[in-house]
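> The listed protein sequences correspond, in order, to chains A and B.
Heads up: the first sequence begins at 49 in this note's numbering, then just goes up one per residue.
Heads up: the second sequence begins at 49 in this note's numbering, then just goes up one per residue.
Protein chains: 2
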Amino acid sequence: MRIACVLDVDYEDSEFKQPYDAFKEQGHQVTIVGLQSGKELKGKQGKVTTKAETGIDQARPEQFDALFIPGGYSPDHLRADRRMVTFTKAFFDAGKPVFAICHGPQLLITARVFKGPKMTAWKTIQDDLQLVGANVVDQEVVVDKNLVTSRQPSDIPAFIRESLKLLEKVPVGSR
Amino acid sequence: MRIACVLDVDYEDSEFKQPYDAFKEQGHQVTIVGLQSGKELKGKQGKVTTKAETGIDQARPEQFDALFIPGGYSPDHLRADRRMVTFTKAFFDAGKPVFAICHGPQLLITARVFKGPKMTAWKTIQDDLQLVGANVVDQEVVVDKNLVTSRQPSDIPAFIRESLKLLEKVPVGSR
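Set out below in structure tokens:
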């Protein structure tokens, strides 16, 4: 499966790197989509550095089967760009798998795709979600149809497990 | 006037330092209230480093005449601590001046004090505020009763000007 990983600087290092590695190990293709192609992207802990392989000006949702939104401060940067918001919304409209951890659901708030699916997030974002009328719970991983969400770095193993499980379920015809 | 400045790591350097210096220059007393007394607090740009002079376990709203909430990633850290949320709410309940810039209003969302006053914030937080039913506008500074808000570093001069003006207006009896 072709997974778009939307990423900007100051992401939570482990929330990007561990799922990213796990997806690749299972044979999935992961493309880092940033605000600008080639932009160097350092994690907030300074432990991981990567690069945007594609800029949002060139990325098309049709090129991907799933969307991965790591946490940290990255999602709040991404949602300041309308193209990232439109890109995110397209995955929901098409019913494609979306994996969001920690602050990742901030992008879902701005994209207006928070109504309906049961979800979780980092605790401060759980509060935002509750206030905007989302169906939010406090547990390590929540799977609702095509959406997988988790709260924090300690949830990563459950987040990876459920995301991989969902990728297995997507009908071959849609790949 | 005695101003409490609530601060945690990764604040926006200029949004803390410039108003902080301006308040002091005008003879106001500013105390940095952090999550833990003595904690070293470095800005996200790495340009400013300071220390929490008082921990939230010891700070009492009655000790202060006004509240200052700098932006950056700091407000999202602060609102994860219930004591900071209660501390913030007390200033609104008492009608004391509150100055919040950029991501500062995130703390107002969690403290449930966003309904009523006209305000502004960093553009992504403007969106959150709109969704939760706040009266939000997009301008460099908004003054509504005891609340002064601004959007970003370029608004700092207007933010300082209006905050100082409001401090002058507070009746001497309440000092």
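Glycine included, every Cβ here is placed at the ideal spot set by N, Cα and C.
1. Please name the residue, chosen from A:Asp105, A:Leu195, A:His125, that lies closest to lysine 171 of chain B on a Cα-to-Cα basis.
2. Using the Cα positions of glycine 103 of chain A and glycine 82 of chain A, report the straight-line distance between them to the nearest angstrom.
3. Using a Cβ-Cβ cut-off of 8 angstroms, state whether tyrosine 68 of chain A counts as contacting chain B.
4. When DSSP labels each residue in this structure, what does valine 133 of chain B get in the three-state scheme?
5. Taking Cβ positions, are alanine 100 of chain B and isoleucine 80 of chain B nearer each other than 8 angstroms?
6. Compare the C-alpha of lysine 137 of chain A against each of A:Ala159, A:Lys163, A:Ile173, A:Gly94 and name the closest.
7. So lysine 92 of chain A and glycine 120 of chain A are in contact, right, with Cβ under 8 angstroms, and what is the actual spacing, rounded?
8. Quick check on the DSSP output: the beta strand (DSSP E) that includes glutamate 88 of chain A runs from which residue to which?
9. Taking C-beta pairs closer than 8 angstroms, name the residues in chain A that leucine 179 of chain B reaches, listed in chain order.
10. Using a 10 Å radius around the Cβ and a threshold of 16 neighbouring Cβ atoms, would you call glycine 94 of chain B buried or exposed?
11. For glycine 103 of chain A, which residues does DSSP report across the bridge?
12. Chain A beta carbons: is any one of them nearer than 8 angstroms to that of tyrosine 59 of chain B?
13. Taking the C-alpha atoms as reference points, what is the distance between valine 184 of chain A and lysine 87 of chain B?
14. Mind checking if aspartate 176 of chain B is an interface residue toward chain A, Cβ cutoff 8 angstroms exclusive?
15. Does alanine 148 of chain A come within less than 8 angstroms of chain B when only Cβ atoms are used?
16. By how many angstroms is the C-alpha of aspartate 113 of chain A removed from the C-alpha of arginine 223 of chain A?
17. DSSP puts glycine 75 of chain A in a beta bridge; with which residues?
18. I need the DSSP call for tyrosine 68 of chain A, collapsed to helix, strand or coil.
19. So with CB distances below 9 angstroms, who are the chain A contacts of aspartate 56 of chain B?
20. Chain A beta carbons: is any one of them nearer than 8 angstroms to that of lysine 171 of chain B?
21. Take every Cβ of the region 138-147 of chain B, pair it with every Cβ of the region 172-181 of chain B, and state whether three or more of those distances are shorter than 8 angstroms.
22. With DSSP collapsed to three states, give me the class of alanine 148 of chain A.
23. How would you label threonine 168 of chain A, buried or exposed, when you count the other beta carbons within 10 angstroms and need 16 or more for buried?
The short version:
1. In the second sequence, residue 171 of chain B corresponds to position 123, counting from 1. Per the Cα distances, A:His125.
2. Translated into positions along the first sequence, residue 103 of chain A becomes position 55. Translated into positions along the first sequence, residue 82 of chain A becomes position 34. Roughly 5 angstroms separates the two Cα atoms.
3. By 1-based counting over the first sequence, the position of residue 68 of chain A is 20. Chain B, which has no Cβ nearer than 8 angstroms to the Cβ of tyrosine 68 of chain A, makes this no.
4. The count along the second sequence starts at 1 and reaches residue 133 of chain B at position 85. In this structure, valine 133 of chain B counts as helix in the three-state DSSP scheme.
5. Position 52 of the second sequence holds residue 100 of chain B. Position 32 of the second sequence holds residue 80 of chain B. For alanine 100 of chain B and isoleucine 80 of chain B, yes; Cβs fall inside 8 angstroms.
6. Looking up residue 137 of chain A in the first sequence gives position 89. When only C-alpha atoms are compared, the closest one is A:Ala159.
7. Position 44 of the first sequence holds residue 92 of chain A. Position 72 of the first sequence holds residue 120 of chain A. Going by Cβ atoms, the distance from lysine 92 of chain A to glycine 120 of chain A rounds to 5 angstroms, so yes, they are a contact pair.
8. As a working note, residue 88 of chain A is residue 40 in the first sequence. Looking at the DSSP string, the run of the beta strand (DSSP E) that includes glutamate 88 of chain A is 88-90.
9. Start at 1 with the first residue of the second sequence, and residue 179 of chain B comes out as number 131. Those within 8 angstroms of leucine 179 of chain B in chain A are Ile157, Leu179, Val180.
10. Position 46 of the second sequence, counting from 1, holds the residue named residue 94 of chain B. Classification for glycine 94 of chain B: exposed.
11. The residue you call residue 103 of chain A lines up with position 55 of the first sequence. A:Gly82, per the DSSP bridge assignment.
12. Residue numbering aside, residue 59 of chain B sits at position 11 when the second sequence is read from its first letter. Not an interface residue.
13. By one-based count along the first sequence, residue 184 of chain A stands at place 136. By one-based count along the second sequence, residue 87 of chain B stands at place 39. Approximately 33 angstroms, taken between the alpha carbons.
14. One-based indexing of the second sequence puts residue 176 of chain B at position 128. Yes, because at least one Cβ of chain A sits closer than 8 angstroms to the Cβ of aspartate 176 of chain B.
15. For this step, residue 148 of chain A is matched to residue 100 along the first sequence. Not an interface residue.
16. Sequence index remark: in the first sequence, residue 223 of chain A carries index 175 (1-based). Sequence index remark: in the first sequence, residue 113 of chain A carries index 65 (1-based). Legend: pLDDT at arginine 223 of chain A = 47, less than 50; position of this residue unreliable, value from coordinates given subsequently. One C-alpha to the other measures close to 6 angstroms.
17. Taking the first sequence and counting its residues from 1, the one referred to as residue 75 of chain A is at position 27. Answer by DSSP bridge pairing: none, since glycine 75 of chain A is not bridged.
18. Locating residue 68 of chain A in the first sequence gives position 20, where the first residue counts as 1. It is helical.
19. Counting from 1 along the second sequence, the entry for residue 56 of chain B is found at position 8. The premise fails here: aspartate 56 of chain B is roughly 12 angstroms from chain A at the closest Cβ pair, so nothing lies under 9 angstroms.
20. Here residue 171 of chain B is taken as the residue at index 123 of the second sequence, counted from 1. Lysine 171 of chain B counts as touching chain A.
21. no
22. Here residue 148 of chain A is taken as the residue at index 100 of the first sequence, counted from 1. Note: alanine 148 of chain A maps to strand in three-state DSSP.
23. Residue 168 of chain A sits at position 120 when you count from the first residue of the first sequence. Buried, since its Cβ has 16 or more Cβ neighbours within 10 Å.
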